[in-house]
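Engineer: Following this note's numbering, the numbering of the sequence shown begins with 11 at its first residue and continues without gaps.
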Amino acid sequence: MATTSLWHIKGRLGDLIDYVENPEKTVPKGTEDFFNVFEYVRRPDKTTEQYVDAINCRKEIALQQMILTKKQYGKNDKYIAWHGYQSFKVGEVTPDVAHEIGMKLANEMWGDRFQVVVTTHLDKDHIHNHFAFNSVSFKDGGKYNYSKKEQQRLRDTSDRLCRDYELSVIAHPHKAPSRPVWLDEKSGKPTRYNVYRKDITAAFSESTTVQNAEKYLQRLGYITDFSGAHWKIRLPQYEHFTRLDTLEERWTPEYLRKNMGRNAPYGSRRARVEFSPYIPYEYRYYYTPFKRTSHIYKLYVYYCFELGIFPKNHYHEPVSPYLREDLRKLDEFTAQVDYMFFRRIQTLDDLYDDRAYLEDRLGDLTAQRTKLQNKIRRATPEEKVSLRREKAKLTEEITAIRKDLKCNYAIEKRSVHIQDTLDRITANEERAAGRDVPQQITYEENNMTKKKERNYER
11 MATTSLWHIK GRLGDLIDYV ENPEKTVPKG TEDFFNVFEY VRRPDKTTEQ YVDAINCRKE
71 IALQQMILTK KQYGKNDKYI AWHGYQSFKV GEVTPDVAHE IGMKLANEMW GDRFQVVVTT
131 HLDKDHIHNH FAFNSVSFKD GGKYNYSKKE QQRLRDTSDR LCRDYELSVI AHPHKAPSRP
191 VWLDEKSGKP TRYNVYRKDI TAAFSESTTV QNAEKYLQRL GYITDFSGAH WKIRLPQYEH
251 FTRLDTLEER WTPEYLRKNM GRNAPYGSRR ARVEFSPYIP YEYRYYYTPF KRTSHIYKLY
311 VYYCFELGIF PKNHYHEPVS PYLREDLRKL DEFTAQVDYM FFRRIQTLDD LYDDRAYLED
371 RLGDLTAQRT KLQNKIRRAT PEEKVSLRRE KAKLTEEITA IRKDLKCNYA IEKRSVHIQD
431 TLDRITANEE RAAGRDVPQQ ITYEENNMTK KKERNYER
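1) Does Ile19 pass the burial test, meaning 16 or more other C-beta atoms within 10 Å, or should it be called exposed?
2) So, are the CB atoms of Gly94 and Trp17 less than 9 Å apart?
3) Measuring only the C-alpha atoms, how far is Tyr89 from Gly21?
4) Which residues does DSSP list as the beta-bridge partners of Trp17?
5) Using a threshold of 9 Å, state whether the C-beta atoms of Tyr61 and Leu171 are closer than that.
6) For Thr130, does the three-state DSSP call read helix, strand or coil?
7) If you draw a straight line from the alpha carbon of Val127 to that of Ala142, how long is it in whole angstroms?
8) What three-state label does DSSP hand Arg352 in the structure shown?
9) Measuring CA to CA, which of His136, Thr104, Thr201 and Thr380 is closest to Tyr332?
10) Checking 9 Å against the spacing of the C-beta atoms, do Tyr349 and Asp414 come in under that value?
11) Can you tell me where the alpha helix (DSSP H) with Asn117 in it begins and where it stops?
12) From which residue to which residue does the beta strand (DSSP E) around Asp235 run?
13) Give me whichever residues DSSP pairs with Phe214 in a beta bridge.
14) So, is His138 buried or exposed, given that buried needs 16 or more other C-beta atoms within 10 angstroms?
15) Using 8 Å for Cβ pairs, my map puts Gly231 next to Ser330. What's the rounded Cβ distance?
16) In or out: Trp192 buried (at least 16 other Cβ within 10 Å) or exposed?
17) Looking at the secondary structure, which residues open and close the alpha helix (DSSP H) in which Lys423 lies?
18) If you reduce the DSSP assignment to three classes, tell me which class Ile243 lands in.
19) Considering only the alpha carbon of each residue, which of Ser217, Thr234, Arg282 and Ile319 lies closest to Tyr276?
20) In this structure, how does DSSP classify Ile137 when only helix, strand and coil are distinguished?
21) Please list, in chain order, all residues of the same chain as Ala12 whose beta carbon is under 6 Å from its beta carbon, the five residues on each side excluded.
22) Where Ala153 and Asp194 are concerned, what is the direct C-alpha to C-alpha distance, given to the nearest angstrom?
23) For Ile411, which residues of its own chain have a beta-carbon under 8 Å away from its beta-carbon, when the five flanking residues on both sides are left out?
24) Evaluate the contact criterion for the segment 108-122 versus the segment 76-83: three or more CB pairs, one atom per stretch, below 8 Å.
25) Compare the Cα-Cα distances from Thr357 to each of Leu397, Tyr206 and Val311 and report the closest residue.
26) Need the endpoints of the alpha helix (DSSP H) that Val191 sits in, please.
27) Hey, Asn66 and Gln125 are a contact pair by Cβ (cut 8 Å); roughly how many whole angstroms apart?
28) Taking the alpha-carbon positions, what's the Arg365 to Glu316 distance?
29) Compare the beta carbon distance of His326 and Ser278 with 9 Å and say whether it is the shorter of the two.
30) Between Asn384, Lys401, Ser145 and Tyr362, which lies nearest to Tyr419 when the distance is taken from Cα to Cα?
31) By alpha-carbon positions, which one of Arg260, Ser147, Val107 and Ser145 ends up nearest to Thr129?
32) How many Å lie between Ser15 and Glu259 at the Cα?
33) To the nearest angstrom, how far is the alpha carbon of Gly151 from that of Gln82?
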């Protein structure tokens, strides 16, 4: 059951040249895995020499030959190379077979036009191949174009080769989550999909009928569709539904009907949404439903109480799925609240003033560093030592300001997210109580309801 992926490596020709001239040099951020492929040729700590091969170049000097190709055609723009992998099911394939399949895949996909290095790694439970190839063709100087059609060709070619070797393939592939989300899911953090799993498990174990399980999820704020062969749910802030049987393979309608009601001996239970019991009286009015506020610091503080970040040494876990996914980002919330506290930011205007100051300061420091760099070019070797020290200090200050600016922009964006999330929770509670909800909150849900009704009519 091999899986494949491919992504571009951003950079410049100088990155390649620097690495060739000094392999001990720290590689540019985001390109570590790519440069490691070539490092294995020199120091094979994750594979062995027999599992490193090259196509259209010599593996010992593959990078140098790629550089020559780029220089020959004058190609030095943003994509320096492409890097991909082919990963096999644990215990299903030997290193020799995996490497043989990887070489065949690389030859079919890129061997007619590009220089490729193929390595088979044995350092994980699952054996996997890595491919690193030039973004420029040695044949005609054309750049590699990775389209959806090319992506499908990569998958189809890999699957065909696996079948030839009597290996399993994924029968019904679906889009995998991003690597950070996948890692968080694996460690049990409250990602969107882990939140879905927990609520679905509760809904079906607390209900004796499918209708009550659906009502349980709707009470929590989910939009549900249990009308077809594949039951689906989503939260209003997401565009696409998620099938229950992709969250858990066995969660088919038949299985869920058969195994529901384990915790409901006296009948179905209704979901309840509880709020933090620890919010001080004066903080309860920091958020006004359905009304935008410019007092972002107060809004953040209120939200931190609802998330259970405040007060310290008191345990509160939010019930609403609208909130629980944000528990993955506790460190970010804490850092942003600290930023506003120490920089005395209370309102959006304060935030914009702080941003203007940072941007002006950044412009001044960048200009100073540019002048210093020009001086370094003309300086004597003795003068260069002190000038480089000055430049390093400026770079350190510039880095800190850029970090603060990133936090500043993130606070503005997240304040909108906080307001929207709290409004959704409030709207859900108003609906549950039978009260009217502002039109802008219900527009998306109404559209989905009408679409669902049309599907039922068909």
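A virtual CB, placed ideally from N, CA and C, is assigned to each residue, including glycine. The structure presented is a predicted model; accordingly, all values stated were derived computationally and were not measured.
Structural biologist: On the basis of the supplied data:
1) For the purposes of this step, residue 19 is taken as the residue at position 9 of the sequence shown. Residue burial annotation: Ile19 is buried, with at least 16 other C-beta atoms found within 10 angstroms of its C-beta.
2) For the purposes of this step, residue 94 is taken as residue 84 along the sequence shown, with counting starting at 1. For the purposes of this step, residue 17 is taken as residue 7 along the sequence shown, with counting starting at 1. The criterion of a C-beta distance shorter than 9 Å is satisfied by Gly94 and Trp17.
3) Against the sequence shown, residue 89 aligns to sequence position 79. Against the sequence shown, residue 21 aligns to sequence position 11. Those two C-alpha atoms are separated by around 6 Å.
4) Indexing the sequence shown from 1 puts residue 17 at position 7. Residue pairing by DSSP puts Trp17 in a beta bridge opposite His93.
5) Along the sequence shown, read from residue 1 onward, the residue named residue 61 stands at position 51. Along the sequence shown, read from residue 1 onward, the residue named residue 171 stands at position 161. Cβ atoms of Tyr61 and Leu171: not closer than 9 Å.
6) For the purposes of this step, residue 130 is taken as the residue at position 120 of the sequence shown. The answer is strand: DSSP assigns Thr130 an E or B state.
7) Position 117 of the sequence shown, counting from 1, holds the residue named residue 127. Position 132 of the sequence shown, counting from 1, holds the residue named residue 142. About 5 Å.
8) To locate residue 352, count along the sequence shown from 1; it is residue 342. Inspection of the sequence shows that residue 352 is occupied by Phe rather than by Arg. Residue state, collapsed to three classes: helix.
9) Counting from 1 along the sequence shown, the entry for residue 332 is found at position 322. The shortest C-alpha to C-alpha distance from Tyr332 to any of His136, Thr104, Thr201 and Thr380 is the one to Thr201.
10) As a working mapping, residue 349 is identified with position 339 in the sequence shown. As a working mapping, residue 414 is identified with position 404 in the sequence shown. If you check the CB distance, Tyr349 and Asp414 come in under 9 Å.
11) Sequence index remark: in the sequence shown, residue 117 carries index 107 (1-based). From DSSP, the alpha helix (DSSP H) with Asn117 extends over Pro105 to Trp120.
12) Taking the first residue of the sequence shown as position 1, residue 235 is located at position 225. Run containing Asp235: Ile233 to Asp235, per the beta strand (DSSP E) assignment.
13) As a working mapping, residue 214 is identified with position 204 in the sequence shown. According to DSSP, which records beta bridges pairwise, Phe214 is partnered with nothing at all.
14) Sequence index remark: in the sequence shown, residue 138 carries index 128 (1-based). Burial is judged here by how many other beta carbons sit within 10 angstroms of a residue's own beta carbon; His138 has at least 16 and is buried.
15) Working through the sequence shown from its first residue, we reach residue 231 at position 221. Working through the sequence shown from its first residue, we reach residue 330 at position 320. With 8 Å as the limit, Gly231 and Ser330 qualify as a contact, their Cβ atoms being about 6 Å apart.
16) Here residue 192 refers to the residue found at position 182 of the sequence shown. With fewer than 16 Cβ atoms within 10 Å of its Cβ, Trp192 is classed as exposed.
17) As a position in the sequence shown, residue 423 is number 413, starting the count at 1. For Lys423, the enclosing alpha helix (DSSP H) has its first and last residue at Pro391 to Ala442.
18) As a position in the sequence shown, residue 243 is number 233, starting the count at 1. Reduced to three states, the DSSP call for Ile243 is strand.
19) The residue you call residue 276 lines up with position 266 of the sequence shown. Answer by Cα proximity: Ser217.
20) Taking the sequence shown and counting its residues from 1, the one referred to as residue 137 is at position 127. Coil, per DSSP.
21) In the sequence shown, residue 12 corresponds to position 2, counting from 1. Here the set comprises Gln96, Phe98, Ser168 and Cys172.
22) Indexing the sequence shown from 1 puts residue 153 at position 143. Indexing the sequence shown from 1 puts residue 194 at position 184. Note that residue 153 is Lys in the sequence shown here, rather than Ala. Between the alpha carbons of Lys153 and Asp194 lies a distance of about 35 Å.
23) Counted from its first residue, the sequence shown places residue 411 at position 401. Around Ile411: Leu368, Arg371, Leu372 and Leu375.
24) No: fewer than three Cβ pairs fall under 8 Å.
25) By one-based count along the sequence shown, residue 357 stands at place 347. Minimum Cα distance to Thr357 is reached at Val311.
26) Within the sequence shown, the letter at position 181 stands for residue 191. Boundaries of the alpha helix (DSSP H) harbouring Val191: Arg189 to Lys196, taken from the DSSP string.
27) Translated into the one-based positions of the sequence shown, residue 66 becomes position 56. Translated into the one-based positions of the sequence shown, residue 125 becomes position 115. Between Gln125 and Asn66 the Cβ distance is about 5 Å, and since that is below 8 Å, they are a contact.
28) As a position in the sequence shown, residue 365 is number 355, starting the count at 1. As a position in the sequence shown, residue 316 is number 306, starting the count at 1. Spanning the two alpha carbons is a distance of roughly 28 Å.
29) Here residue 326 refers to the residue found at position 316 when the sequence shown is read from its first residue. Here residue 278 refers to the residue found at position 268 when the sequence shown is read from its first residue. In terms of Cβ geometry, His326 and Ser278 do not form a close pair [threshold 9 Å].
30) Within the sequence shown, numbered from 1, the residue matching residue 419 stands at position 409. Checking every option, the nearest Cα to that of Tyr419 belongs to Tyr362.
31) One-based indexing of the sequence shown puts residue 129 at position 119. When C-alpha distances from Thr129 are compared across Arg260, Ser147, Val107 and Ser145, the shortest belongs to Val107.
32) Translated into positions along the sequence shown, residue 15 becomes position 5. Translated into positions along the sequence shown, residue 259 becomes position 249. Approximately 23 Å, taken between the alpha carbons.
33) As a position in the sequence shown, residue 151 is number 141, starting the count at 1. As a position in the sequence shown, residue 82 is number 72, starting the count at 1. Rounded to whole angstroms, Gly151 to Gln82 spans 8 Å at the Cα level.
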